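Q: Order-wise, the sequence lines are chains F and P.
Quick note: the first sequence, position 93, residue 93 per this note's numbering, numbers continuous.
Quick note: the second sequence, position 148, residue 441 per this note's numbering, numbers continuous.
Where a beta carbon is used, it is the ideal one built from N, C-alpha and C, also for glycine.
The structure displayed is predicted, hence computed values, not measured ones.
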Amino acid sequence: MVATPDIPRASSAALLSSKPDKRPPNMGQIIRWLLLFIGGVLMIMPIAYMISTSLKWPHEVYNVNLIPEEPTIENYTYVLEDGRFYMWFVNSIIIATITTISNLLFDSLVGYTLCKFRFPGRTIIFIAILSTLMIPTEMLVIPWYLMSQSFGWLDSYWGIMFPGMMTAFGTFLMKQFFESVPDDFIEAARIDGLNELQIWWTVAMPLVKPALAALAIFVFLGNWTAFLWPLIVTNSVDMYTIPVGLSGFGDEADVAWELIMTGAAISTIPTLIVFLIFQRFIIRGVVMAGLKG
Amino acid sequence: MANLALHNLTKSYGNTEVLHGISLAVDDGEFVVFVGPSGCGKSTTLRMIAGLEETTSGIIEIGGREVNNLEPKERDIAMVFQNYAIYPHMSVKKNIAFGLRSSKMPKPDKEKRILDVAGILDMVDLLERKPSQLSGGQRQRVAIGRAMVRDPAVFLFDEPLSNLDAQLRTQMRLEIKKLHQRVGNTIIFVTHDQVEAMTMADRIVIMKDGHIQQVGTPEEVFHRPANTFVAGFIGAPSMNLLPGQLDAGGITLAGGRIVPHPLQAPASDVLLGVRPDDLHPDEANPILSGKVTVREPLGSETLIYVETPSGEVIAKADGRTPPQVGETVNLGAAMENLHVFDAQTQQALT
Ligand SMILES: Nc1ncnc2c1ncn2[C@@H]1O[C@H](COP(=O)(O)OP(=O)(O)OP(=O)(O)O)[C@@H](O)[C@H]1O
Ligand SMILES: [Mg+2]
Chain F
1 MVATPDIPRA SSAALLSSKP DKRPPNMGQI IRWLLLFIGG VLMIMPIAYM ISTSLKWPHE
61 VYNVNLIPEE PTIENYTYVL EDGRFYMWFV NSIIIATITT ISNLLFDSLV GYTLCKFRFP
121 GRTIIFIAIL STLMIPTEML VIPWYLMSQS FGWLDSYWGI MFPGMMTAFG TFLMKQFFES
181 VPDDFIEAAR IDGLNELQIW WTVAMPLVKP ALAALAIFVF LGNWTAFLWP LIVTNSVDMY
241 TIPVGLSGFG DEADVAWELI MTGAAISTIP TLIVFLIFQR FIIRGVVMAG LKG
Chain P
294 MANLALHNLT KSYGNTEVLH GISLAVDDGE FVVFVGPSGC GKSTTLRMIA GLEETTSGII
354 EIGGREVNNL EPKERDIAMV FQNYAIYPHM SVKKNIAFGL RSSKMPKPDK EKRILDVAGI
414 LDMVDLLERK PSQLSGGQRQ RVAIGRAMVR DPAVFLFDEP LSNLDAQLRT QMRLEIKKLH
474 QRVGNTIIFV THDQVEAMTM ADRIVIMKDG HIQQVGTPEE VFHRPANTFV AGFIGAPSMN
534 LLPGQLDAGG ITLAGGRIVP HPLQAPASDV LLGVRPDDLH PDEANPILSG KVTVREPLGS
594 ETLIYVETPS GEVIAKADGR TPPQVGETVN LGAAMENLHV FDAQTQQALT
């Protein structure tokens, strides 16, 4: 909570103070820039190749040049006209949206409860929730599958979504953020006659909007790009999500990389939108304004 | 509006008892200030009255009704917190309206009530602002406004002024007092600032270590402190306490000087208390004498620190012709301004 909002302030201060600074950069700075530059290139390259490949003809795909020799938007027309991609896109939107809303509600409810109420077993519950963070998805898919099978959830939205409707990480994140909501607010609301659910919703939740925004971005991205579990739990092409569908693009013998990359490029658009919507809320100083200066 | 009564209230956290039987009766419309050093249990008492903290034993009555098992909202109280606790995401108006959320008042009446309160607190122009656009004093006024709209039987204030700077504090002190005279609700006000307590209270409750030390009007606790703690806590600088022996002839201080005193009590070890305000250079009937070690000019008066056989004492001298540092002075006080405490029990004998 404290660290996030401080970043813009610190960096803007650094920018300001660097103006009159005429000293030549020292070795440490050069190394730092170099590392940052390499990091930046490493991150940009896959995206650049994704877009580049999506603009190539199939015969050029294994050619490593970044600029296609004969750029084409043929792949985009193909993918967008293919009914399957549209279906997977809708599936992914539905699944990612519902899981995100569910996480925002339930992670924060549990986080709030663990943070603001004292009850027997509280620490144990918290530790139990945290410890699930240490089990990798790969280990969980088998029990999830058996569970889905016996409940008849295979090949359904619910089957894809249920493991992620709440996350330990989100609960932990929200609990930590609720620590920054002063108890005075909650007690004041209690005296004003709100019940506990109303206090959570009208007082505490608005004060942790930055955390909710961050969580929304995480959860949406996580579910949007989830591959292993949706692959396992779905059978019919109708139920595929984008990552699962794209991986099977092309025919049996030949993977159509240019189409996969096109689909991937299109599917980054919703994540960009989600990011743009929610990052506005990640602003500093919301909580402190109601307290002493 | 209503009276408030505490009967033998105790509070334990785990095995540690932090309040040891608080009993108090507060009249309807009275302004009572709880004062005491940090950790003495003021906030705990207040929070128990509010219903934010469970009572371990004892009874709380508001308006003649036992409220121990009632939720805070059912107790007909309102509380103002040290940190104001006004919601940063709501405008001033919404914040004030928040106090009326659970009230069944019709909407136009609510509007009117909010405007009334804003008027009393001189905040009509600020209603649309967000807390971040307000000064500290204005924020505190919003917090008071939120408490006021509900017209509760009892107002509870927990150190509401301690985050304000000195000047604003003085101003808000006056405003709260005026407000009380205007609305007339019962007020319980917690502070650790004895000046706040003295200036605002109808009655002061002085607490220490979970016990009430004395309850009385500002005059009573100042002029007739019940024990050495109250004597030292109320008034600045603190009362001088000089060890001595009481017998028929008076009180014999260290160094052998006898201070005549009419007190009729069995011979015993006592502490003679005299406030710096009452102790002046006096050649005629000195009770103490010694060398001046430090002078603190206050303008119209000068505080002098004097090294006497009974230890260092503080006295007040004239502002124009105070004694010099190093000079030997004789100090005297009027008989009626002398306090005598039992050295054993620390309780007042006068
Ligand atoms: N939740 C708690 N658990 C254990 N002890 C507590 C708890 N809350 C308060 N106490 C103890 O109770 C005692 C009284 O605390 P309280 O907050 O009422 O003091 P106070 O008079 O308001 O002090 P201050 O002037 O510093 O606000 C203190 O000794 C404190 O350590
Ligand atoms: Mg306190």
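Do three or more CB pairs link the stretch 183-195 of chain F to the stretch 153-168 of chain F at distances below 8 Å?
A: No, because fewer than three Cβ pairs between the stretch 183-195 of chain F and the stretch 153-168 of chain F fall closer than 8 Å, the two stretches do not touch.
Q: Exposed or buried, which one is G611(P) when buried takes at least 16 other CB atoms within 10 Å?
A: Sequence index remark: in the second sequence, residue 611(P) carries index 318 (1-based). Looking at the sequence shown, residue 611(P) is not Gly but Asp. By the 10 Å Cβ count, D611(P) comes out exposed.
Q: Identify whether Q639(P) lies in helix, strand or coil by the three-state DSSP scheme.
A: For this step, residue 639(P) is matched to residue 346 along the second sequence. Coil.
Q: Starting from S395(P), find everything on chain F with Cβ-Cβ shorter than 8 Å and list it in chain order.
A: Counting from one through the second sequence, the residue named residue 395(P) turns up at place 102. Within 8 Å Cβ-Cβ: D192, G193, L194.
Q: Measure the C-alpha to C-alpha separation of P365(P) and E346(P) and round it to an integer number of angstroms.
A: In the second sequence, counting from the first residue as 1, residue 365(P) sits at position 72. In the second sequence, counting from the first residue as 1, residue 346(P) sits at position 53. Computed Cα separation, rounded: 10 Å.
Q: Closer than 7 Å: is that where the CB of H504(P) sits relative to any heavy atom of ligand 1?
A: Taking the first residue of the second sequence as 1, we reach residue 504(P) at position 211. It does not: the Cβ of H504(P) is nowhere closer than 7 Å to a heavy atom of ligand 1.
Q: Determine the DSSP secondary structure at L420(P), reduced to helix, strand or coil.
A: As a first step, residue 420(P) is located in the second sequence; it is residue number 127 there, counting from the start. Coil, per DSSP.
Q: Mind checking whether Q640(P) and D562(P) have CB atoms under 8 Å apart?
A: Your numbering for residue 640(P) matches position 347 in the second sequence. Your numbering for residue 562(P) matches position 269 in the second sequence. No, the Cβ-Cβ distance between Q640(P) and D562(P) is not below 8 Å.
Q: Just curious, the beta strand (DSSP E) that I355(P) is in, first and last residue?
A: Position 62 of the second sequence, counting from 1, holds the residue named residue 355(P). Residues 350-355.
Q: Helix, strand or coil, according to DSSP, for K56(F) in the structure here?
A: By 1-based counting over the first sequence, the position of residue 56(F) is 56. Note: K56(F) maps to coil in three-state DSSP.
Q: If you run the structure through DSSP and keep just helix, strand and coil, what is R280(F)?
A: For the purposes of this step, residue 280(F) is taken as residue 280 along the first sequence, with counting starting at 1. Here R280(F) sits in coil by DSSP.
Q: So the candidates are T303(P), R496(P), T510(P); which of them puts its Cα closest to the Cα of V311(P)?
A: Within the second sequence, the letter at position 18 stands for residue 311(P). Answer by Cα proximity: T303(P).
Q: Please enumerate, following chain order, all residues with a beta carbon closer than 5 Å to at least one heavy atom belonging to ligand 1.
A: Residues with a Cβ closer than 5 Å to any heavy atom of ligand 1, in chain order: Y306(P), V311(P), S331(P), G332(P), C333(P), G334(P), K335(P), S336(P), T337(P), H485(P).
Q: State yes or no: is the C-beta of E452(P) nearer than 7 Å to some heavy atom of ligand 2?
A: Translated into the one-based positions of the second sequence, residue 452(P) becomes position 159. Flag set: Cβ of E452(P) near ligand 2.
Q: From the DSSP output, read off the bridge partner residues of G543(P).
A: To locate residue 543(P), count along the second sequence from 1; it is residue 250. According to DSSP, G543(P) bridges with D540(P).
Q: Report yes or no: is there a C-beta of chain P within less than 8 Å of the C-beta of L207(F)?
A: Within the first sequence, residue 207(F) is the residue found at index 207, counting from 1. So, interface residue.
Q: Compare the C-beta of H675(P) with all C-beta atoms of chain F and state if any pair is closer than 8 Å.
A: Because residue 675(P) is not part of the residues shown, which for chain P are 294 to 643, the question remains open.
Q: What separation, rounded to the nearest whole angstrom, lies between the Cα atoms of A204(F) and S180(F)?
A: Mapped onto the first sequence, residue 204(F) falls at position 204. Mapped onto the first sequence, residue 180(F) falls at position 180. Each residue's Cα considered, the two are about 10 Å apart.
Q: How is P445(P) classed by DSSP in three states: helix, strand or coil?
A: Numbered from 1 along the second sequence, position 152 holds the residue referred to as residue 445(P). Of the three classes helix, strand and coil, the one that applies to P445(P) here is coil, per DSSP.
Q: Would you please verify whether the beta carbon of S108(F) is less than 8 Å from any beta carbon of chain P?
A: Position 108 of the first sequence, counting from 1, holds the residue named residue 108(F). Not closer than 8 Å to any Cβ of chain P, the Cβ of S108(F) fails to qualify, so no.
Q: From the DSSP output, read off the bridge partner residues of G604(P).
A: For the purposes of this step, residue 604(P) is identified with residue 311 of the second sequence, where counting begins at 1. Bridge partners of G604(P): T601(P).
Q: Restricting to runs no shorter than 4 residues, where is the alpha helix (DSSP H) found entirely within the stretch 76-118 of chain F?
A: Counting whole runs of 4 or more residues, the stretch 76-118 of chain F contains the alpha helix (DSSP H) stretches 83-116.
Q: Taking C-alpha atoms, which residue in N63(F), Y145(F), F177(F) lies nearest to L114(F)?
A: Here residue 114(F) corresponds to residue number 114 of the first sequence, with the count starting at 1. For L114(F), the nearest C-alpha among the options comes from F177(F).
Q: Mapping the DSSP letters down to three states, classify I497(P) as helix, strand or coil.
A: The count along the second sequence starts at 1 and reaches residue 497(P) at position 204. Strand, per DSSP.
Q: Against P365(P), what residues of chain F qualify as contacts under a CB-to-CB distance less than 7 Å, listed in chain order?
A: For the purposes of this step, residue 365(P) is taken as residue 72 along the second sequence, with counting starting at 1. Going along chain F in sequence order, the residues near P365(P) (Cβ under 7 Å) are R190, I191.
Q: Measuring CA to CA, which of E70(F), I232(F), P58(F) is closest to E138(F)?
A: For the purposes of this step, residue 138(F) is identified with residue 138 of the first sequence, where counting begins at 1. When each option's Cα is compared against that of E138(F), the closest is I232(F).
Q: Three or more C-beta pairs closer than 8 Å, one from the stretch 450-457 of chain P and one from the stretch 362-378 of chain P: is that the case here?
A: Yes, the stretch 450-457 of chain P is in contact with the stretch 362-378 of chain P.
Q: Have a look at P424(P) and Q279(F) and give me their C-alpha separation to the nearest angstrom.
A: Counting from 1 along the second sequence, the entry for residue 424(P) is found at position 131. Counting from 1 along the first sequence, the entry for residue 279(F) is found at position 279. Rounded to whole angstroms, P424(P) to Q279(F) spans 23 Å at the Cα level.
Q: E187(F) CB to nearest chain P CB: under 8 Å?
A: Along the first sequence, one-based indexing puts residue 187(F) at 187. So yes, E187(F) belongs to the interface.
Q: Can you give, in chain order, each stretch of the alpha helix (DSSP H) that sits fully within the stretch 351-415 of chain P and has at least 4 residues?
A: Those alpha helix (DSSP H) runs which fall completely within the stretch 351-415 of chain P and span 4+ residues are 385-391, 400-413.
Q: Would you say D254(F) faces chain P, with C-beta separation under 8 Å as the test?
A: Within the first sequence, residue 254(F) is the residue found at index 254, counting from 1. Output row for D254(F): interface = no.
Q: How about L15(F): is its C-beta nearer than 8 Å to some C-beta of chain P?
A: Position 15 of the first sequence, counting from 1, holds the residue named residue 15(F). Residue confidence is low: L15(F) scores 45 on pLDDT, short of 50, so the model does not pin down where it sits. No coordinate-derived value is stated.
Q: Give a yes or no on whether 8 Å exceeds the smallest Cβ distance from P210(F) to chain P.
A: What you label residue 210(F) is simply residue 210 of the first sequence in a count that begins at 1. Taking Cβ atoms only, chain P never reaches closer than 8 Å to P210(F), which makes this a no.
Q: List the residues of chain F that L345(P) touches, going by C-beta distances under 8 Å, in chain order.
A: Indexing the second sequence from 1 puts residue 345(P) at position 52. Simply E187, R190, I191.
Q: Helix, strand or coil for P453(P), going by three-state DSSP, please let me know.
A: As a working mapping, residue 453(P) is identified with position 160 in the second sequence. The answer is coil: DSSP assigns P453(P) none of H, G, I, E or B.
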